[in-house]
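Residues in the first sequence are numbered from 31 upward in steps of one, following this note's numbering. Think of the CB as a built atom: it goes at the ideal place given N, C-alpha and C, for glycine as much as any other residue. Before any comments, here is the structure.
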Amino acid sequence: MGKASKRTAIEPTREQNYPEWYQQVIKAAELAENSPVRGCMVIKPWGYMLWENMQRVLDRMFKETGHKNAYFPLFIPKSYLEKEAQHVEGFAKECAVVTHSRLEMGEDGKLHPASPLEEPLIVRPTSETIIGEMYSKWVQSYRDLPILINQWANVVRWEMRTRLFLRTAEFLWQEGHTAHATEEEAWEETRQMLDVYADFAENYMAMPVLKGEKTEGERFPGAVSTLCIEAMMQDRKALQAGTSHFLGQNFAKASDIKFLSDAGELQYAWTTSWGVSTRLIGGLVMTHSDDDGLILPPRLAPSQIVILPVIPKDEHRGPVMEACESLRKELQAIHWVDEQHLSVELDDRDLRGGEKVWSWIKKGIPLRVEIGPRDLDSGSVFVGRRDTGEKTSMSRDEFVSKVTSILDEMQDGLHRRAREFRDANTRNIDSREAFYEFFKSEDTGGGFAWSHYSGEPELEDQLKQDLKVTVRCIPFEKDPEPGTCIFTGKPSRQRVVFAKSY
RNA sequence: CGGGGCGUAGCUCAGCCUGGUAGAGCGCUUGCUUUGGGAGCAAGAAGUCGUCGGUUCGAAUCCGGCCGCCCCGACCA
31 MGKASKRTAI EPTREQNYPE WYQQVIKAAE LAENSPVRGC MVIKPWGYML
81 WENMQRVLDR MFKETGHKNA YFPLFIPKSY LEKEAQHVEG FAKECAVVTH
131 SRLEMGEDGK LHPASPLEEP LIVRPTSETI IGEMYSKWVQ SYRDLPILIN
181 QWANVVRWEM RTRLFLRTAE FLWQEGHTAH ATEEEAWEET RQMLDVYADF
231 AENYMAMPVL KGEKTEGERF PGAVSTLCIE AMMQDRKALQ AGTSHFLGQN
281 FAKASDIKFL SDAGELQYAW TTSWGVSTRL IGGLVMTHSD DDGLILPPRL
331 APSQIVILPV IPKDEHRGPV MEACESLRKE LQAIHWVDEQ HLSVELDDRD
381 LRGGEKVWSW IKKGIPLRVE IGPRDLDSGS VFVGRRDTGE KTSMSRDEFV
431 SKVTSILDEM QDGLHRRARE FRDANTRNID SREAFYEFFK SEDTGGGFAW
481 SHYSGEPELE DQLKQDLKVT VRCIPFEKDP EPGTCIFTGK PSRQRVVFAK
531 SY
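This is how it looks when you write it as C-alpha cells:
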C-alpha cells in the first residue's frame with residue numbers, strides 16, 4: 031500500500047490549489063453543485079441535512095433567547111428600499127428587480143413579459159424595510175415592545191462572481207429583526223445575538239471565532255454599528271461567519287416605527303438585525319477538511335456513523351446484515367448532545383468495499399464501522415475515525431459504550447486543531463515593514479495581524495489596494511492596550527485585526 | 001461593465017489549421033472472477049458536434065449573426 035497511501039482522494043491538494051480543492055471537496059462530498067441558473071447552486075441532500083442541523087440548533091438558541099419565527103414577503107416594493115439612503119446605496123447594485131406580471135406567447139413562439147407592474151418589486155436582498163413597515167403598524171405603545179422576530183428565508187444578491195456556499199446569487203439564511211424601547215436594550219440584544227453565533231460556531235461547528243466590531247467601511251448599509259464573528263480558514267484568509275447589527279433609530283425613522291413611552295412621549299424605536307447564512311457550510315468545509323475530502327464535526331454531521339457490511343460470499347450476507355441491523359438499532363437508541371438520537375447510516379449498496387469506504391471518507395462522516403464475518407466470530411467491529419484516520423478493531427460492546435465519548439473527543443479535537451492553526455498564524459505586528467512582509471509572502475505568510483491603527487478610511491483603501499488586506503474587526507478585548515498606529519504614528523486605542531478575506 | 005478563452009456522449013476532452021461514414025478516457029449497463037482502503041477481463045448502450053444562416057456535390061471542420069458558460073480586473077453574508 032506504500033504508493034497507494036500517498037494518493038489523496040481530492041485533487042488538487044490544499045497546497046497545490048486551495049480554491050480548486052474547495053470546489054472538489056464539495057463535489058466529492060455531494061454537498062452541492064452549480065445549477066443551470068447563473069450564480070445559483072443546488073444544495074444536495076447531504077449538504078441540506080447539514081443545513082437542517084444548523085437550523086435546528088440555531089432555532090433552539092433563538093427561541094431560548096425569547097425570539098419567535100415569522101415569515102415576510104419575498105418581494106419588496108422599490109419605494110420601501112428607497113426609504114433609507116445608505117441602505118439603498120449599499121444594496122442597489124445587487125438587486126434583482128421584477129418588472130412584469132405576465133407572460134404572453136409571441137408570434138416568434140417565445141414567451142414575452144406582457145404586463146408591466148405599476149411599481150417594480152425587488153427580490154429581497156435583506157428584509158429590514160418590509161419588516162420595518164410591518165413593525166410600524168404593530169408598535170403603538172411601549173407595551174408593544176420589544177418585538178423579537180426571526181425568519182428563515184432565501185435572499186437574492188446579484189453577485190458578479192460566485193462560489194458555492196461562500197457567495198451565491200441566492201442563498202438561505204435566517205434574519206432576526208428586533209425593535210426595542212431603549213438604546214441600551216437594543217445594544218444588549220445586538221451583543222447577545224453575537225454571543226449566540228459565537229457559541230454556535232465554537233461549540234457546534236468547532237470553528238474558533240473572533241468577536242468584534244466592523245470598521246465604518248465594512249459596516250452594514252444603514253447600521254450604526256455592525257458586530258461580527260470572524261474565523262480563519264486553512265488558507266489563512268478570514269471568513270465573516272455571522273453579523274449582528276445595531277441599527278440605532280435609522281430604520282425606525284425610515285419606516286416610522288414610533289411608540290408612546292410610559293411618560294407619554296412619542297419616540298422612535300431602536301432596532302437590531304442579525305443573520306447567518308449557508309455560507310457557514312463553506313466555513314465548515316474550509317475549517318476542517320483535508321486532502322481526502324470533507325471532515326464534519328460530529329455535532330452537526332448529518333449522520334455520525336456509517337455501518338459498512340463486508341460480504342465476501344453470498345452465504346455471509348444474512349448473518350452480517352443481521353449484525354449490522356442490530357448494531358444500528360442499538361446505536362440509534364443512544365441519546366447524545368441536546369438529547370438528540372445518534373444518526374446512523376447503513377450502507378448496503380452493491381458496491382465494492384474500497385469504493386464504498388472512500389465515498390464516506392469524502393463525505394466526512396465521523397465514524398465508519400465495518401462488520402464482516404471475522405468480526406461476527408470475534409464479537410468485534412472495525413472502526414475508522416475520519417478526523418485522525420485512525421483505524422482500530424474493538425469489541426462491539428466496547429464500541430457501543432464508548433461511542434459518545436469518542437464523538438465528544440472528535441468534536442473537541444477538531445476545535446483544538448482549528449484553534450491551534452489560527453493561533454499559529456496570528457501575530458502582533460508593530461511596524462509597517464513587518465506588516466507588508468507578513469502579507470506579501472503569499473505561500474508561507476499571511477494570517478491574522480493584530481496591529482495598532484488609527485482608523486482613517488483612506489488608509490484602509492490603501493491597504494486593500496496594496497495587499498488586498500482589510501480590517502476584519504476591532505476585537506472585543508478585556509484590557510485594550512493603547513499604542514501608536516503603525517502606519518501614521520497617531521495614537522491608537524487598541525489593536526485591530528487585519529487579514530485577507532472572503 | 002472592460003479584457004481573454006470555450007461550447008463535440010452523463011463528465012473531462014481530442015478531432016477543426018489542410019471539408020469526405022463521430023473519437024478517447026472516465027462513468028453507466030450486463031456477465032464472469034473479485035471484495036476487510038480506490039479491482040480485472042469481456043461484451044454493450046449512449047452524441048440532431050450550442051444555435052440560426054451562408055459557402056460547398058458534401059460542413060463538427062470554412063464565413064457571419066445570435067445564445068450560453070468559464071477565467072482575469074472595480075463590489076459583497
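Exposure label - Gln46; buried when at least 16 CB within 10 Å: Start at 1 with the first residue of the first sequence, and residue 46 comes out as number 16. The residue is exposed, with fewer than 16 neighbouring Cβ atoms inside 10 Å.
Could you give the residue range of the beta strand (DSSP E) that holds Ser389? Sequence index remark: in the first sequence, residue 389 carries index 359 (1-based). Counting along the chain, Ser389 falls outside any beta strand (DSSP E), though it belongs to the alpha helix (DSSP H) covering 383 to 393.
Distance, Gln279 Cα to Lys393 Cα: Mapped onto the first sequence, residue 393 falls at position 363. Mapped onto the first sequence, residue 279 falls at position 249. About 46 Å.
With DSSP collapsed to three states, give me the class of Trp22. No answer is possible for residue 22: it lies beyond the span of the chain, which begins at 31 and ends at 532.
Measure the alpha-carbon distance for Met31 versus Val387 and round it to whole angstroms. Counting from one through the first sequence, the residue named residue 31 turns up at place 1. Counting from one through the first sequence, the residue named residue 387 turns up at place 357. Its pLDDT being 32, under 50, Met31 is placed unreliably by the model, and the measurement read from it follows with that caveat. Taking the straight line from one Cα to the other gives about 16 Å.
Coil, strand or helix - Met424 by DSSP: Residue 424 sits at position 394 when you count from the first residue of the first sequence. Three-state result, Met424: strand.
When you compare each of Phe105, Val87, Ile504, Tyr101 to Val186 by their alpha carbons, which one comes out closest? Translated into positions along the first sequence, residue 186 becomes position 156. Cα-wise, what sits closest to Val186 is Phe105.
Every unbroken beta strand (DSSP E) inside the segment 450 to 492 [3 residues or more]: 456 to 458, 478 to 482
Are Ile177 and Leu224 touching if we call contact CB-CB under 8 Å? Indexing the first sequence from 1 puts residue 177 at position 147. Indexing the first sequence from 1 puts residue 224 at position 194. No; because the gap between Cβ atoms is not below 8 Å, this pair is not in contact.
Taking the beta strand (DSSP E) that Met135 belongs to, which residues open and close that run? If you number the first sequence from 1, residue 135 lands on position 105. Element bounds for Met135: 133 to 135.
Kindly list the residues whose CB is nearer than 7 Å to the CB of Met79, restricted to its own chain and excluding five residues on each side of it in sequence; keep chain order. Here residue 79 refers to the residue found at position 49 of the first sequence. For Met79, where only same-chain residues beyond five positions count, the Cβ hits under 7 Å are Pro332.
Between the CA atoms of Ala299 and Thr212 - distance to the nearest angstrom: Residue numbering aside, residue 212 sits at position 182 when the first sequence is read from its first letter. Residue numbering aside, residue 299 sits at position 269 when the first sequence is read from its first letter. Roughly 7 Å between the two C-alpha positions.
Under the assumption that Gly242 contacts Ile504 (Cβ atoms under 8 Å), give the Cβ distance between them as a whole number of angstroms. Taking the first sequence and counting its residues from 1, one reaches residue 242 at position 212. Taking the first sequence and counting its residues from 1, one reaches residue 504 at position 474. Confirmed, Cβ separation roughly 5 Å.
Got a sec? Which residues, its chain only, sit under 6 Å from Glu375 by beta carbon, not counting five neighbours each side? Residue 375 sits at position 345 when you count from the first residue of the first sequence. Taken in chain order, the residues that qualify are Ser333, Val336.
Write down the C-beta distance between Glu189 and Gly69 rounded to the nearest angstrom, noting that I regard them as a contact closer than 8 Å. Locating residue 189 in the first sequence gives position 159, where the first residue counts as 1. Locating residue 69 in the first sequence gives position 39, where the first residue counts as 1. Confirmed, about 6 Å.
So, Arg426 versus Gly402, is the Cβ gap smaller than 8 Å? Position 396 of the first sequence, counted from the first residue, corresponds to residue 426. Position 372 of the first sequence, counted from the first residue, corresponds to residue 402. No, the pair does not count as a contact, with Cβ atoms beyond the cut-off.
Name the DSSP beta bridge partners of Ser255, please? Reading the first sequence from its first residue, position 225 is the one you call residue 255. In DSSP, Ser255 forms a bridge with Phe276.
Are the CB atoms of Pro155 and Glu121 within a distance shorter than 8 Å? Along the first sequence, one-based indexing puts residue 121 at 91. Along the first sequence, one-based indexing puts residue 155 at 125. Contrary to the premise, residue 121 reads as Phe rather than Glu in this sequence. Yes, they are a contact pair.
On the three-pair Cβ rule with 8 Å, is the segment 298 to 312 touching the segment 266 to 280? yes
Three or more C-beta pairs under 8 Å: does that hold for the segment 251 to 269 against the segment 315 to 328? yes
Quick check on this structure: which residue in Pro396, Glu507, Gly252 has the alpha carbon closest to the alpha carbon of Ala115? Here residue 115 refers to the residue found at position 85 of the first sequence. When each option's Cα is compared against that of Ala115, the closest is Gly252.
As assigned by DSSP and simplified to three states, the class of Arg415: As a first step, residue 415 must be located in the first sequence, where it is residue number 385. Of the three classes helix, strand and coil, the one that applies to Arg415 here is strand, per DSSP.
Quick one: what does DSSP say Glu94 is sitting in, helix, strand or coil? Taking the first sequence and counting its residues from 1, the one referred to as residue 94 is at position 64. It is helical.
Do Leu372 and Leu357 have their C-beta atoms within less than 8 Å of each other? As a working mapping, residue 372 is identified with position 342 in the first sequence. As a working mapping, residue 357 is identified with position 327 in the first sequence. Not a contact, by the Cβ cut-off of 8 Å.
7 Å CB neighbourhood of Asp286 in its chain, flanking five on each side removed: For this step, residue 286 is matched to residue 256 along the first sequence. Taken in chain order, the residues that qualify are Ser166.
Sequence-distant residues of the same chain with beta carbon closer than 7 Å to Ser171, five excluded per side: In the first sequence, counting from the first residue as 1, residue 171 sits at position 141. Phe289, Leu290.
Give the DSSP bridge partners of Cys503, in chain order. Taking the first sequence and counting its residues from 1, the one referred to as residue 503 is at position 473. Partner(s): Val527.
Assigned exposure category for Glu511 - 16 Cβ within 10 Å defines buried: On the first sequence, residue 511 is found 481 positions in, with the first residue counted as 1. So Glu511 counts as exposed.
Go to Ser303, then tell me how far its beta strand (DSSP E) extends in each direction, as first and last residue. Stepping through the first sequence from its first residue, residue 303 is reached at position 273. Taken as a continuous stretch (DSSP letters only), the beta strand (DSSP E) holding Ser303 covers 300 to 307.
I need the straight-line Cα distance from Lys33 to Lys343, nearest angstrom please. The residue you call residue 33 lines up with position 3 of the first sequence. The residue you call residue 343 lines up with position 313 of the first sequence. In this prediction, Lys33 has a pLDDT of 34, which is less than 50 and means its spatial position is unreliable; nothing more can be read from the coordinates.
Rounded to whole angstroms, what's the CA-CA distance from Lys108 to Val118? Just pull it up for me. Reading the first sequence from its first residue, position 78 is the one you call residue 108. Reading the first sequence from its first residue, position 88 is the one you call residue 118. So the alpha carbons of these two residues sit roughly 10 Å apart.
Can you confirm whether the segment 508 to 528 touches the segment 478 to 486 when touching is taken to mean that 3 or more C-beta pairs between the two stretches lie within less than 8 Å? yes
Taking just the CA atoms, how far does Thr456 sit from Glu463? If you number the first sequence from 1, residue 463 lands on position 433. If you number the first sequence from 1, residue 456 lands on position 426. Looking at the two C-alpha atoms, the distance is approximately 17 Å.
Three-state class that DSSP yields for Gln53 in the structure shown: Stepping through the first sequence from its first residue, residue 53 is reached at position 23. Note: Gln53 maps to helix in three-state DSSP.
Buried or exposed for His97, going by 16 or more other Cβ atoms inside 10 Å? Walking along the first sequence from the start, residue 97 turns up at place 67. The residue is buried, with at least 16 neighbouring Cβ atoms inside 10 Å.
Check whether the Cβ atoms of Ile161 and His207 lie closer than 8 Å to each other. Residue 161 sits at position 131 when you count from the first residue of the first sequence. Residue 207 sits at position 177 when you count from the first residue of the first sequence. Result yes, Cβ atoms of Ile161 and His207 sit closer than 8 Å.
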